[in-house]
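In numbering that gives the first Met the number 0, the protein residues as written are 0 to 122.
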Amino acid sequence: MIKIIVLIVGLALIGFIAWWFFGKHEAEEKAAEVVNDKQVVDVEVSGGYSPEVVVLKKGVPAVLNFTRKDASSCLDRVVFSDFGINEELPQNEEESITIDTSKPGEYSWACGMDMFHGKLIIQ
Ligand SMILES: [Cu+2]
Numbered sequence: 000m001i002k003i004i005v006l007i008v009g010l011a012l013i014g015f016i017a018w019w020f021f022g023k024h025e026a027e028e029k030a031a032e033v034v035n036d037k038q039v040v041d042v043e044v045s046g047g048y049s050p051e052v053v054v055l056k057k058g059v060p061a062v063l064n065f066t067r068k069d070a071s072s073c074l075d076r077v078v079f080s081d082f083g084i085n086e087e088l089p090q091n092e093e094e095s096i097t098i099d100t101s102k103p104g105e106y107s108w109a110c111g112m113d114m115f116h117g118k119l120i121i122q
């Protein structure tokens, strides 16, 4: 009997580890919708960025609305080094960041310590 329990617990553990490492690890991607010649994407900041990848249309004025739900100071700034943006994110407040979409490409953003990352794709 005990062997069966050990076996079941072992299999459950293996399943959990496999899920932890291999499950849901594709970055969450979101394409901006253009409304009134403007594109707006909401990004939730909580243990990382959601969505983690934001796709913007080239040449359309863009705003990313970051809302930090996370209490940790790690995520209290957001840095877009390619755009010279280093903005504070007050907790539970929406912080709008305007992105220059004139040049297509892939740009990353990060927390103030460069630990969490997100990606911006302008196309
Ligand atoms: Cu950090």
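Beta carbons: idealized from backbone N, C-alpha and C, even for Gly. The model shown is predicted, which means the values in this text are computed figures rather than measured ones.
Who are the near neighbours of residue i in its chain, counting only those whose CB is closer than 7 Å to its CB and skipping five residues on each side?
| i | result |
| --- | --- |
| Y48 | V42, F115 and G117 |
| E86 | R76, V77, E94 and I96 |
| D99 | F82 |
Please name the residue or residues paired with residue i in a DSSP beta bridge.
| i | result |
| --- | --- |
| C110 | V77 |
Please find out if some non-hydrogen atom of ligand 1 comes closer than 7 Å to the beta-carbon of residue i.
| i | result |
| --- | --- |
| L55 | no |
| G111 | yes |
| F115 | yes |
| L88 | no |
| L119 | no |
| F74 | Rather than Phe, the amino acid found at residue 74 in this sequence is Leu. L74: yes, Cβ under 7 Å from ligand 1. |
Kindly list the residues whose CB is nearer than 6 Å to the CB of residue i, restricted to its own chain and excluding five residues on each side of it in sequence; keep chain order.
| i | result |
| --- | --- |
| A30 | V54 |
| T66 | E43 and E93 |
How is the beta strand (DSSP E) around residue i delimited, first residue to last?
| i | result |
| --- | --- |
| E94 | E93 to I98 |
| N85 | I84 to E87 |
| V52 | V52 to L55 |
| V42 | K37 to V44 |
| V62 | A61 to R67 |
| E32 | E32 to V34 |
| G117 | H116 to I121 |
Just to confirm, are residue i and residue j a CB contact at a threshold of 8 Å?
| i | j | result |
| --- | --- | --- |
| V39 | N64 | yes |
| P50 | E25 | no |
| I120 | V52 | yes |
How about residue i: is its C-beta nearer than 8 Å to some C-beta of chain B?
| i | result |
| --- | --- |
| I120 | Absent from the structure: chain B. Only one protein chain is present. |
Which same chain residues, not among the five before or five after residue i, have their C-beta less than 8 Å away from its C-beta?
| i | result |
| --- | --- |
| Q122 | V54, L55, K56, K57 and P103 |
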